[in-house]
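Engineer:
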Amino acid sequence: MKKLILGSASLVLGALAVTACADGEDEASVAGNGEVNIYSSRHYDTDLALYEDFTEQTGITVNRIEADADALIERIESEGEFSPADLLITVDAGRLWRAEEAGILSAVQSDVLTERLPDHLRHPDGLWFGLSTRARVIIYNKDAGEPEGLETYADLADPAYRGDICIRSSSNIYNISLLSALIAHDGVESAEEWASGVVANFARDPQGNDTAQIESVAAGECRIAVVNSYYLARFAGGDEEQRAIFDKLGVIFPDQDGRGTHINLSGAGVTMNAPNRENAIAFLEYLTSESAQRYFADGNNEYPAVAGLEANSAVEQLGEFKADTLNAAEIGRNQAQAVQVFDRAGWN
226 MKKLILGSAS LVLGALAVTA CADGEDEASV AGNGEVNIYS SRHYDTDLAL YEDFTEQTGI
286 TVNRIEADAD ALIERIESEG EFSPADLLIT VDAGRLWRAE EAGILSAVQS DVLTERLPDH
346 LRHPDGLWFG LSTRARVIIY NKDAGEPEGL ETYADLADPA YRGDICIRSS SNIYNISLLS
406 ALIAHDGVES AEEWASGVVA NFARDPQGND TAQIESVAAG ECRIAVVNSY YLARFAGGDE
466 EQRAIFDKLG VIFPDQDGRG THINLSGAGV TMNAPNRENA IAFLEYLTSE SAQRYFADGN
526 NEYPAVAGLE ANSAVEQLGE FKADTLNAAE IGRNQAQAVQ VFDRAGWN
């Protein structure tokens with residue numbers, strides 16, 4: 226596998242050969258199976274194992290460029306019809322929507338993907354497909370006691386929790402997508418009332434990532450936080466110090482008596498001008514196979530996108546839950562409104 230890491234000013238070529246050849250099989254015969262060029266904003270070591278496994282199974286060489294999602298989308302746009310990109314992989318429905326709006330994705334019709342993935346984890350027109358999910362959960366400090374009446378996202382705006390809540394900034398894509406989902410379900414006016422109520426309940430100005438929120442709740446700096454499940458599972462399956470932090474926390478999956486807990490996804494779409502389109506589709510289908518889904522589950526504490534497959538033991542410690550089945554495409558469409566709502570609510 227060839228790896229290109231996209232920097233602010235240049236591309237840096239790394240020599241990372243992972244193409245596997247069987248005994249007696251020369252390089253030319255493997256190359257004859259072609260290649261696939263992946264632009265990915267996922268930066269997880271476990272994804273390397275996915276690329277290696279795909280090459281071993283198919284003989285298709287995987288070349289990849291890594292950067293943040295916006296940079297990759299802009300790059301594919303600027304490359305136009307001459308773009309070498311075959312597949313864009315990114316995290317969050319909002320970024321998939323940005324790629325869709327940029328017109329860089331093409332529709333894929335695949336019986337394999339349709340059969341394996343539920344409707345809400347597939348774009349209605351086949352522009353992208355979910356690969357794994359994570360839940361946006363509420364955590365609390367056990368020593369401070371379980372917050373009475375906290376069962377839904379809406380409850381976070383209750384004045385009963387004044388000065389209790391730690392959460393990331395409004396610029397964070399996970400929060401934007403959560404608010405986008407609330408807009409889809411309840412409308413803009415209700416979502417703005419909610420955002421204003423949560424701001425009034427801040428224990429501090431938003432700061433840090435989800436790990437920082439987890440550590441702050443465990444330390445008693447705030448009573449409640451909203452975090453992604455895979456961050457929390459890292460503590461559940463971590464070293465002794467991390468486990469001690471996890472043991473101080475209670476977990477609430479919101480809206481279990483209603484629409485279910487908000488989930489977000491990692492997903493991928495075949496690009497409009499993919500030079501290796503069939504190989505890109507083959508890789509997409511591979512990513513929904515049981516072996517690939519296990520990489521997502523075991524390597525990065527994510528929930529498999531394919532129904533019937535189990536999460537890993539660290540994730541299972543968080544408990545079972547009902548997920549919201551709002552299609553991720555709807556979440557993406559509300560991103561711009563969500564940003565405006567956050568601004569009006571004074572959520573920094």
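For the sequence shown, the residue numbers in the numbering used here are 226 to 573. The beta carbon of each residue, even a glycine, is placed where N, CA and C say it ideally should be.
Quick one: residues in its chain with C-beta nearer than 6 Å to the C-beta of V423, no 5 flanking neighbours on either side, listed in chain order?
Structural biologist: L381 and A382
Engineer: From the DSSP secondary-structure annotation, give me the bridge partner or partners of F427.
Structural biologist: Answer is I390, bridged to F427.
Engineer: How far does the beta strand (DSSP E) with I290 in it extend, from its first residue to its last?
Structural biologist: T286 to E291
Engineer: For R341, name the three-state secondary structure that DSSP assigns.
Structural biologist: helix
Engineer: Does DSSP put R519 in a helix, in a strand, or in coil?
Structural biologist: The three-state reading of DSSP puts R519 in helix, counting H, G and I together.
Engineer: May I have the straight-line CA-CA distance separating L543 from T436, to the nearest angstrom?
Structural biologist: 16 Å
Engineer: Determine the burial state of F546: buried for a count of at least 16 other Cβ atoms within 10 Å of its Cβ, exposed for fewer.
Structural biologist: buried
Engineer: With DSSP collapsed to three states, give me the class of E260.
Structural biologist: strand
Engineer: Going by alpha carbons, who is nearest to V261 out of Y269, I290 and Q432?
Structural biologist: I290
Engineer: May I ask which residues mark the beginning and end of the beta strand (DSSP E) holding S491?
Structural biologist: I488 to V495
Engineer: Using 8 Å as the threshold, is the C-beta distance between N552 and P349 below it?
Structural biologist: yes
Engineer: Out of curiosity, what's the CA-to-CA distance linking R459 and N526?
Structural biologist: 7 Å
Engineer: Is G319 closer than 8 Å to I401 when the C-beta atoms are compared?
Structural biologist: yes
Engineer: Tell me whether the beta-carbon of I477 lies closer than 8 Å to the beta-carbon of I363.
Structural biologist: yes
Engineer: Could you tell me the boundaries of the beta strand (DSSP E) in which T513 lies?
Structural biologist: Segment: none, T513 is in no beta strand (DSSP E) and carries neither H nor E.
Engineer: Alpha carbon to alpha carbon, what distance is there between I556 and Q565?
Structural biologist: 15 Å
Engineer: Where do the ends of the beta strand (DSSP E) carrying G355 lie?
Structural biologist: F354 to N366
Engineer: Would you mind giving the Cβ-Cβ distance between A563 and L404, rounded to the nearest angstrom? I have them listed as a contact below 8 Å.
Structural biologist: 4 Å
Engineer: Taking just the CA atoms, how far does E465 sit from T315?
Structural biologist: 32 Å
Engineer: Between the C-alpha atoms of I285 and Q334, what's the straight-line distance to the nearest angstrom?
Structural biologist: 21 Å
Engineer: Can you check which of these residues, A522, G412 and R558, is closest to A327 by C-alpha distance?
Structural biologist: R558
Engineer: Given S454, which residues of its chain have a CB within under 7 Å of its CB, disregarding the five upstream and five downstream residues?
Structural biologist: Listed in chain order, the non-local C-beta contacts of S454 below 7 Å within the same chain comprise R359, A360, V362, V540 and L543, local neighbours out to five positions each way being set aside.
Engineer: Alpha helix (DSSP H) containing I477: first to last residue?
Structural biologist: That residue, I477, is in no alpha helix (DSSP H); its beta strand (DSSP E) goes L474 to I477.
Engineer: Let me check understanding here. Comparing Cα to Cα, which of R300, I408 and L512 lies closest to H487?
Structural biologist: I408
Engineer: Mapping the DSSP letters down to three states, classify Y378 as helix, strand or coil.
Structural biologist: coil
Engineer: Helix, strand or coil for I449, going by three-state DSSP, please let me know.
Structural biologist: strand
Engineer: Take the Cβ of G445 as the centre, count every other Cβ of all protein chains shown within 10 Å, and call the residue buried at 16 or more, exposed below.
Structural biologist: exposed
Engineer: Nearest CA to the CA of W353: which residue from G462, A505 and Y276?
Structural biologist: A505
Engineer: For G343, count neighbouring C-beta atoms within 10 Å of its own C-beta (all shown protein chains included) and say buried if the count is 16 or more, exposed if not.
Structural biologist: The question names Gly, but residue 343 in the sequence shown is Pro. So P343 counts as exposed.
Engineer: Check whether the Cβ atoms of A428 and Q438 lie closer than 8 Å to each other.
Structural biologist: Cβ atoms of A428 and Q438: not closer than 8 Å.
Engineer: Quick one: what does DSSP say A444 is sitting in, helix, strand or coil?
Structural biologist: Assigned with DSSP and collapsed to three states, A444 falls in coil, not helix or strand.
Engineer: Is the beta carbon of G351 less than 8 Å from the beta carbon of A332?
Structural biologist: yes
Engineer: Since I believe L457 is in contact with Y365 (beta carbons under 8 Å), could you give me their beta-carbon distance rounded to a whole number of angstroms?
Structural biologist: Their Cβ separation, rounded to whole angstroms, is 12 Å, which puts Y365 and L457 out of contact at 8 Å.
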